[in-house]
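If you're matching positions, the sequence shown starts at 274 in my numbering and goes up one per residue.
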Amino acid sequence: MIKDFPLFPEAASSVANDIDLLFWAMTAICGAVALGLLVFIIYFGTKYRRRHPDEHVLDYDEPKWLELTWIIVPTIIFMGMFLAGAHLYLKITRPPENALDVYVTAKQWMWKFQHVSGQSQINELTVPVGQPVKLIMVSEDVIHDFFVPEFRVHTDVLPARHMVTWFQATKTGRYRIFCSEYCGTDHSKMTGFVNVLEQNEFQKWLGGGVAEQPPAAQGAQVFERYACDTCHMETDQGRGPALAGLFGRQRQLSNGTIVRADENYIRESIVNSGAKIVAGYQPIMPVFQGQLDEQQLFQLLAYIKTLTPSAATTDPNAGVTTDRSTNAVTPRTDAANASTRDGAAGTE
Ligand code: CUA
Numbered sequence: 274m275i276k277d278f279p280l281f282p283e284a285a286s287s288v289a290n291d292i293d294l295l296f297w298a299m300t301a302i303c304g305a306v307a308l309g310l311l312v313f314i315i316y317f318g319t320k321y322r323r324r325h326p327d328e329h330v331l332d333y334d335e336p337k338w339l340e341l342t343w344i345i346v347p348t349i350i351f352m353g354m355f356l357a358g359a360h361l362y363l364k365i366t367r368p369p370e371n372a373l374d375v376y377v378t379a380k381q382w383m384w385k386f387q388h389v390s391g392q393s394q395i396n397e398l399t400v401p402v403g404q405p406v407k408l409i410m411v412s413e414d415v416i417h418d419f420f421v422p423e424f425r426v427h428t429d430v431l432p433a434r435h436m437v438t439w440f441q442a443t444k445t446g447r448y449r450i451f452c453s454e455y456c457g458t459d460h461s462k463m464t465g466f467v468n469v470l471e472q473n474e475f476q477k478w479l480g481g482g483v484a485e486q487p488p489a490a491q492g493a494q495v496f497e498r499y500a501c502d503t504c505h506m507e508t509d510q511g512r513g514p515a516l517a518g519l520f521g522r523q524r525q526l527s528n529g530t531i532v533r534a535d536e537n538y539i540r541e542s543i544v545n546s547g548a549k550i551v552a553g554y555q556p557i558m559p560v561f562q563g564q565l566d567e568q569q570l571f572q573l574l575a576y577i578k579t580l581t582p583s584a585a586t587t588d589p590n591a592g593v594t595t596d597r598s599t600n601a602v603t604p605r606t607d608a609a610n611a612s613t614r615d616g617a618a619g620t621e
């Protein structure tokens with residue numbers, strides 16, 4: 274009977290136990306404080322109650338050590354709770370470098386998942402056990418929220434912005450996905466499953482079935498169709514900066530600030546291209562707001578992530594990159610560039 278009504282969902286991700294520990298520790302500490310207060314209120318209220326109308330409060334100098342104790346001790350306890358929470362927050366908001374990317378689109382009322390290898394799934398996400406999975410999420414309409422109780426993953430999915438979260442499943446199995454932000458009539462039906470497979474089963478799954486073209490390959494086509502390569506050439510000689518090795522790097526902007534080229538930086542640099550101009554370049558790129566849909570933006574992002582400088586210098590964490598001088602870039606040939614460059618600029 275009790276088994277059918279679990280108090281708490283199973284812990285099936287690498288952070289679940291830490292989150293539960295923090296939750297229960299905070300519940301226990303706050304519960305103990307509340308209980309202690311209640312006991313003292315009742316005890317003092319009874320012991321020192323006014324016994325007849327002439328009774329007055331004594332003028333009494335409270336001991337300083339007592340006051341200091343109840344200032345300092347709770348401060349230490351509650352700062353400890355804050356530090357433990359902040360530590361965990363940083364852990365759950367920073368995906369590990371080796372995570373597997375999955376692109377997630379939420380819309381009324383379904384979840385769409387696309388793997389970098391091209392497989393796409395509706396309301397079903399297949400992942401390997403023991404490997405970090407990074408979700409890059411966007412909504413095509415209203416706010417949704419990606420929630421897998423067993424993984425303790427709970428992240429809003431917003432329109433016009435990439436939300437990033439990650440998890441590493443520690444057990445194989447099938448776990449429910451919920452939408453946990455009220456999003457209209459069929460909000461309660463906006464559910465799905467995460468299927469956690471053993472590594473070899475996952476490889477088998479990737480191999481079978483029909484994969485669509487990988488998002489990076491589709492992104493390469495979008496890149497050519499919109500003639501992006503007219504300005505973003507393989508070296509920094511173009512009118513826009515070269516994009517090889519861009520993802521994850523620090524960028525120096527023309528106003529002197531330094532930003533990290535993450536998902537939202539790349540998104541903003543496409544849809545609202547004037548917002549952040551890389552030092553040394555002019556704000557001449559057209560704004561693509563409304564011209565590209567969310568899938569195309571994902572594809573461009575996936576494509577840009579695959580652009581690496583020549584193998585000798587692939588260090589995604591290297592420093593500021595305004596002086597990048599490598600020129601060996603990925604797959605596309607000059608012939609392909611030339612054919613799309615003619616007359617295509619600015620007409621689409
Ligand atoms: Cu989507 Cu609620």
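Every residue gets a Cβ at the ideal spot worked out from N, C-alpha and C, and that includes glycine.
Small disclaimer: the values here were computed from a predicted structure and weren't measured.
_Trp338, buried or exposed, once every other Cβ within 10 Å from all chains shown has been counted against 16_ = Using a 10 angstroms sphere on the CB of Trp338, the tally of other CB atoms stays under 16, which defines it as exposed.
_Delimiting residues of the beta strand (DSSP E) encompassing Arg498_ = Arg498 -> not in any beta strand (DSSP E); alpha helix (DSSP H) instead, spanning Pro488 to Arg498.
*Go through its chain and collect everything with a Cβ distance to Ala548's Cβ below 7 Å, but skip five positions before and after it.*
Excluding sequence neighbours, Ala548 sits near Glu541.
*asked:* Would Trp343 and Thr399 qualify as a contact pair, given that the criterion is a beta-carbon distance under 8 Å?
replied: The answer is no: Cβ separation not under 8 Å.
*Comparing the CB of His417 with every heavy atom of the ligand CUA, is any distance shorter than 7 Å?*
Correct: His417 has its Cβ closer than 7 Å to the ligand CUA.
*Taking Cβ positions only, does Met506 come closer than 8 Å to chain C?*
In the structure shown, chain C does not exist; there is a single protein chain.
_Taking 8 Å as the threshold (C-beta atoms), are Glu536 and Leu565 in contact?_
In this structure, Leu565 keeps its C-beta atom at 8 Å or more from the C-beta atom of Glu536.
*Grab the span of the beta strand (DSSP E) containing Ser393 for me, first residue to last.*
Ser393 -> beta strand (DSSP E) spans Ser393 to Ile395.
*Any idea which residues DSSP pairs Tyr333 with across the strands?*
Answer is none; Tyr333 lacks a bridge partner.
*asked:* Quick check on Met506: does DSSP put it in helix, strand or coil?
replied: Annotated three-state conformation of Met506 is coil, per DSSP.
*Cutoff 7 Å; reference Gln572; Cβ partners in own chain excluding five residues on either side*: In the same chain as Gln572, and ignoring 5 residues on each side of it, the C-beta atoms closer than 7 Å to its own belong to Pro488, Gln491, Gly492 and Val495, in chain order.
*Cβ shell of His460 (< 7 Å), same chain only, five flanking positions each side left out*: Hits under 7 Å: Trp382 and Cys452.
_CB of Tyr554 within 8 Å of CB of Pro514, strictly_ = The beta carbons of Tyr554 and Pro514 sit closer together than 8 Å.
*asked:* Could you compute how far the alpha carbon of Val415 sits from the alpha carbon of Ala379?
replied: Val415 and Ala379: Cα-Cα distance of roughly 9 Å.
*With a threshold of 16 other CB atoms inside 10 Å of the CB of Thr428, please say whether the residue is buried or exposed.*
Counting Cβ neighbours within 10 Å, Thr428 comes out buried, since at least 16 surround it.
_Gln472, buried or exposed, once every other Cβ within 10 Å from all chains shown has been counted against 16_ = Gln472 comes out exposed.
*Does DSSP put Asn371 in a helix, a strand or coil?*
If DSSP states are grouped into helix, strand and coil, Asn371 belongs with coil.
_The alpha helix (DSSP H) enclosing Val437, as first and last residue numbers_ = For Val437, no alpha helix (DSSP H) run applies; the uninterrupted beta strand (DSSP E) run containing it begins and ends at Met436 to Gln441, by DSSP.
*Would the beta-carbon of Val469 fall within 8 Å of that of Gly446?*
Cβ atoms of Val469 and Gly446: closer than 8 Å.
*asked:* Does Ala500 pass the burial test, meaning 16 or more other C-beta atoms within 10 Å, or should it be called exposed?
replied: Burial check for Ala500: the Cβ neighbour count within 10 Å reaches 16 or more, so the residue is buried.
*On the three-state DSSP scale, how would you describe Tyr554?*
Three-state DSSP puts Tyr554 in coil, outside helix and strand.
*Quick check: the stretch 361-381 against the stretch 432-447, are there 3 or more CB pairs under 8 Å?*
The stretch 361-381 vs the stretch 432-447: in contact.
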